[in-house]
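Asker: If you scroll down you'll find the structure; I have some questions about it.
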């Protein structure tokens, strides 16, 4: 499958989900039984090095640029979050360090484990020799070190199917954007290469190029005597070469025991293998790099502080506004500083402005450090919502931005490998949008999109390579504490500070909520209404060892794409234990008058809290009355 067929196959469009067909042989998305392991481990038989301050800038680049920072519990959500954005927080990339002259490290190839904060030595000798051969570029021999970024398709295709191949590049670009910003702030030289012989780089690490494959190389230090970099410790002395000039270095020899025993890639999508193989050729025989000019960090906050506070904002304030000059500063940083051996940028920024001071809502193109008006759009939020796969984040921020590339021109100019270049460059731009937004006190979130609809909206033949929404974040509230018993089932008590019935919690944004004469009604009030829920969390003690039921009279009025239902959830210390959710397995659809509905669960002794409530998906409405929550023998 060539890049064009693959791209069209994995496009999202309103009629079908991108990248998934009706083939019954495909794995079930997000099946807990086949969930990929989030970290690669080489066991205990290899030499390891704990990253310390002694390792200077390398430590900062790895731990801050591509590190793990926190863990979230839960049966499906249990995972470490990292210092960079990742689609679905699945983190399908791995990092290796080819050390030539790095302070505190002997020459060799190392695997970086972000969870353990250590390097595992996979082989001794100077790997720069092989990388120079793979790239036909002798300047790599004068680099202090080279970071190799790889991708493990199953980690992301477990959820996203073949479209996950794009996420390998998107997430790699997020890592690279962090590393470039940190190195840039330190005054260190870097460049990014994606033009190399895949088999040489994969073979050096011990990869088959199918279950894991090399994506990009980042050259660090050297090339002109930058040396120790003062207080940051640097990559080494004497221009990064230290006491190990490459001319006398031993050739790299992999350790035969350096085999990963834990990579549980249970399924291989043939489309991913095919497109990666078909894009392995291209460019020219000359060295080709994607370089970032040292241009200085453009913001007051230190880069490491910005990276460590960065997250993917989950809710924007749809009344938030951004000053025009701040917005322009974010755009300038995201899109400038690139130089290429292949000439001009492959991507340019298009955006939907929602709430930018002094700029009318609508579609714009960022060209030559200026906004070019494409079209005025008084319904920009509704359109941002639609383009973003009907996600509220695409509508509620101050703007929604799309790096876009003419993919056919990229491949015509650079050969099939130009497809990879366009995806990675768009992701690096997106990473810089993240960093600049957080540096200016705003939030950001990467989104997926309806591919052809985005091109149509901006009236261009270019195609989106990624999407980033920016806006004023709404701080997450801590979850409501469990009640000692059920409360306010007749809705007689007035609303709480969130406008919900007293003692109830949930999310009804973009929906109208009305309580009258013991009847609660939730109904969509906007084209952007996607999902509402309302419930109570109660201590489980009096229900333990019994069957618990939640019932009420329900009236629904839903269009063909909308549905609703009651739910009952039993949870323990480690997350969900049991769930009865009508919207998942017996949704209420269409139009019907009040009928009695019920959800039930057996509450085991290890349940600590139970949550009951109702959910509405889409443009419909639901009414409930005569609520009863009770245990039964």
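Residue numbers (our numbering): 1036 to 1668.
Here a beta-carbon is modelled for each residue, glycine too, at the ideal position from N, C-alpha and C.
So, does the region 1188-1197 touch the region 1336-1356, judging by three or more C-beta pairs under 8 Å?
Answerer: Output reads no: the region 1336-1356 does not touch the region 1188-1197.
Asker: Short of 7 Å in beta carbon distance, which residues of its chain neighbour residue 1279, apart from the five on each side in sequence? Order them along the chain.
Answerer: Here residue 1279 refers to the residue found at position 244 when the chain shown is read from its first residue. At residue 1279 the pLDDT is 42, less than 50, meaning the model places this residue with poor confidence and gives no usable figure here.
Asker: Would you kindly report the start and end of the unbroken alpha helix (DSSP H) that includes residue 1195?
Answerer: For the purposes of this step, residue 1195 is taken as the residue at position 160 of the chain shown. Start and end: 1188-1195.
Asker: Flag residue 1371 as yes when its Cβ comes closer than 7 Å to any non-hydrogen atom of the ligand COA, and as no otherwise.
Answerer: Absent from the structure shown: the ligand COA. Ligands present: none.
Asker: Relative to the C-alpha of residue 1526, which residue among 1516, 1147, 1537 and 1532 is closest?
Answerer: Position 491 of the chain shown, counting from 1, holds the residue named residue 1526. Checking every option, the nearest Cα to that of residue 1526 belongs to 1537.
Asker: Short of 6 Å in beta carbon distance, which residues of its chain neighbour residue 1528, apart from the five on each side in sequence? Order them along the chain.
Answerer: Counted from its first residue, the chain shown places residue 1528 at position 493. Counting only Cβ-Cβ distances below 6 Å, and skipping sequence neighbours, we find 1537.
Asker: In this structure, what does DSSP give as the bridge partners for residue 1503?
Answerer: Here residue 1503 refers to the residue found at position 468 of the chain shown. Paired residue(s): 1436 and 1481.
Asker: What separation, rounded to the nearest whole angstrom, lies between the Cα atoms of residue 1042 and residue 1213?
Answerer: Reading the chain shown from its first residue, position 7 is the one you call residue 1042. Reading the chain shown from its first residue, position 178 is the one you call residue 1213. Going from the Cα of residue 1042 to the Cα of residue 1213 covers about 27 Å.
Asker: Taking the straight line between their C-alpha atoms, what separation do you get for residue 1091 and residue 1098?
Answerer: The residue you call residue 1091 lines up with position 56 of the chain shown. The residue you call residue 1098 lines up with position 63 of the chain shown. Their backbone Cα atoms lie some 11 Å apart in a straight line.
Asker: Could you tell me which residues DSSP puts in a beta bridge with residue 1583?
Answerer: On the chain shown, position 548 is the one that residue 1583 refers to. The partner list for residue 1583 (beta bridge, DSSP) reads 1636 and 1666.
Asker: Identify the continuous beta strand (DSSP E) that holds residue 1487 and give its terminal residues.
Answerer: Within the chain shown, the letter at position 452 stands for residue 1487. Residue 1487 -> not in any beta strand (DSSP E); alpha helix (DSSP H) instead, spanning 1486-1492.
Asker: Helix, strand or coil: which one does DSSP assign to residue 1168?
Answerer: Stepping through the chain shown from its first residue, residue 1168 is reached at position 133. Three-state DSSP puts residue 1168 in a helix.
Asker: Taking C-beta to C-beta, are residue 1590 and residue 1627 nearer than 8 Å?
Answerer: As a first step, residue 1590 must be located in the chain shown, where it is residue number 555. As a first step, residue 1627 must be located in the chain shown, where it is residue number 592. Yes, the pair counts as a contact, with Cβ atoms nearer than the cut-off.
Asker: Let's see if you can read the secondary structure: which residues bound the alpha helix (DSSP H) around residue 1607?
Answerer: The sequence position of residue 1607 within the chain shown is 572, counting from 1. From DSSP, residue 1607 is part of no alpha helix (DSSP H) but of the beta strand (DSSP E) over 1598-1607.
Asker: May I ask you to report which of helix, strand or coil DSSP gives residue 1159?
Answerer: Your numbering for residue 1159 matches position 124 in the chain shown. Three-state result, residue 1159: strand.
Asker: With DSSP as the reference, label residue 1547 as helix, strand or coil.
Answerer: Residue numbering aside, residue 1547 sits at position 512 when the chain shown is read from its first letter. In this structure, residue 1547 counts as strand in the three-state DSSP scheme.
Asker: Evaluate the contact criterion for the region 1503-1514 versus the region 1419-1433: three or more CB pairs, one atom per stretch, below 8 Å.
Answerer: Output reads yes: the region 1419-1433 touches the region 1503-1514.
Asker: Could you tell me whether the region 1633-1651 touches the region 1595-1612, using the rule of 3 or more Cβ pairs below 8 Å?
Answerer: Taking 8 Å as the limit for Cβ pairs, the verdict is that the region 1595-1612 does touch the region 1633-1651.
Asker: Alpha carbon to alpha carbon, how far is residue 1101 from residue 1337? Give it in angstroms, no decimals.
Answerer: What you label residue 1337 is simply residue 302 of the chain shown in a count that begins at 1. What you label residue 1101 is simply residue 66 of the chain shown in a count that begins at 1. Each residue's Cα considered, the two are about 17 Å apart.
Asker: First and last residue of the alpha helix (DSSP H) that includes residue 1625?
Answerer: For the purposes of this step, residue 1625 is identified with residue 590 of the chain shown, where counting begins at 1. Looking at the DSSP string, residue 1625 is not in any alpha helix (DSSP H), and its letter there is neither H nor E.
Asker: Assign residue 1087 to one of two classes, buried (16 or more other C-beta atoms within 10 Å of its C-beta) or exposed (fewer than that).
Answerer: To locate residue 1087, count along the chain shown from 1; it is residue 52. Under this definition residue 1087 is an exposed residue.
Asker: Determine, using beta carbons only, whether residue 1314 and residue 1228 come nearer to each other than 8 Å.
Answerer: Within the chain shown, residue 1314 is the residue found at index 279, counting from 1. Within the chain shown, residue 1228 is the residue found at index 193, counting from 1. Cβ distance not < 8 Å, so residue 1314 and residue 1228 don't count as in contact.
Asker: For residue 1335, count neighbouring C-beta atoms within 10 Å of its own C-beta (all shown protein chains included) and say buried if the count is 16 or more, exposed if not.
Answerer: For the purposes of this step, residue 1335 is identified with residue 300 of the chain shown, where counting begins at 1. The residue is exposed, with fewer than 16 neighbouring Cβ atoms inside 10 Å.
Asker: For residue 1593, count the other beta carbons within 10 Å of its own beta carbon; 16 or more makes it buried, fewer makes it exposed. Which is it?
Answerer: Locating residue 1593 in the chain shown gives position 558, where the first residue counts as 1. Buried is the call here.
Asker: Under 8 Å, with one C-beta from each stretch per pair, do the region 1551-1562 and the region 1361-1373 reach the 3-pair mark?
Answerer: In short, these stretches do not touch, since the Cβ pair count stays below three.
Asker: On the premise that residue 1464 lies in contact with residue 1382, defined as a C-beta separation below 8 Å, what is that separation, rounded to the nearest angstrom?
Answerer: Taking the chain shown and counting its residues from 1, one reaches residue 1382 at position 347. Taking the chain shown and counting its residues from 1, one reaches residue 1464 at position 429. Contact holds; Cβ gap of about 6 Å.
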